[in-house]
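Here's the structure, in structure tokens; my notes come after.
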Amino acid sequence: MKKLGILISGRGSNFEAIARAVQDGRLQAQIAVVISNRPEAKGLETARAMGLQAVSLPSKGVERSAYDRQLVQVLRQNNVDLVCLAGFMRLLTPVMIQAFAGRIINIHPSLLPAFPGLDAQKQAFDYGVKITGCTVHYVIEEMDAGPILRQAAVPVLPNDTVDDLSKRILAAEHQLYVETLQDVLTKI
Ligand code: GAR
């Protein structure tokens, strides 16, 4: 059984979708550890409530490479095969990228390469696109970039608010992340 390390910063709904898929047997993997760079992340509570190992590894004030060395240590201690970024809002350095070369994936709430960065849903909404969506991709040093694994398109409807659109994208994210993992896990 391949071991997943999931990195979060907040709500953790993508992590939860992955964890439910593991519980239901839709995903043949084990969640070895959930790590948050923000101690207050709601996702850590969810992980603990699900009986998973949840580690708070605060990043505030820690130099990026030094932080990544801590991440690598925790992930290696847990024999992680694949690192899943799930709303992890911190740029990784070569320390992490090289330690888990080709084994770090991320989800982003837009059809990359459009609208990288923060508030991608609002960026797309404000631009006026009629179709946006979400992307799962391999992680490289550049933010929200790297070889694309899968995408899902989500329409922007005439009376949408940013909130409506974000909710519709989030539902697509949960499905897309699980489907992509089902696929990736057969290849590593
Ligand atoms: C998700 O929408 C995810 O795609 C986004 O953060 C949210 C986290 O939600 N990630 C990025 O924007 C990465 N650049 P969650 O904590 O409920 O999974």
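Here this note's numbering is used: the first residue of the sequence shown is 11, the next is one more, and so on. Cβ atoms here follow ideal geometry from the backbone N, Cα and C, with glycine treated the same way.
- Residue nearest to G22 within the set K140, D174 and E55 is E55 (criterion: CA-CA distance).
- Secondary structure of K52 (DSSP, three-state): helix.
- Within its own chain, the residues whose Cβ lies closer than 7 Å to the Cβ of V188, once the five positions on either side in sequence are excluded, are A27, I28, A31, R36 and L37, listed in chain order.
- Less than 8 Å divides the Cβ of L159 from the Cβ of V194.
- Of the candidates D91, L81, L85 and V84, D91 places its Cα closest to the Cα of K197.
- Counting only unbroken stretches of 4 or more residues, the alpha helix (DSSP H) elements lying wholly within the region 50–131 are 52–59, 74–87 and 104–109, in sequence order.
- Nearest in C-alpha terms to L180, of all of P49, V105, D170 and H118, is H118.
- Checking the 7 Å criterion, the Cβ of R160 is out of range of every heavy atom belonging to the ligand GAR.
- As computed with DSSP, S46 is found in a beta bridge with I18 and S66.
- Here R48 is buried, its C-beta having at least 16 other C-beta atoms within 10 Å.
- Residue V65 holds the alpha-carbon nearest to the alpha-carbon of I45 among V65, D34, V82 and G143.
- DSSP links T145 through a beta bridge to H118 and Q161.
- About 12 Å separates the Cβ atoms of A96 and C144, ruling out a contact at the 8 Å cut-off.
- For the 8 Å CB-CB criterion, F125 and V172 do not form a contact.
- Rounded to whole angstroms, the separation of the alpha carbons of R86 and Q161 is 29 Å.
- Taking the Cα of Q40 as reference, the smallest distance to any Cα among C94, R100 and E151 is reached at C94.
- G127 sits close to D154, with the two beta carbons spaced by under 8 Å.
- Judged by their CB atoms, G15 and A57 are not nearer to each other than the 8 Å cut-off.
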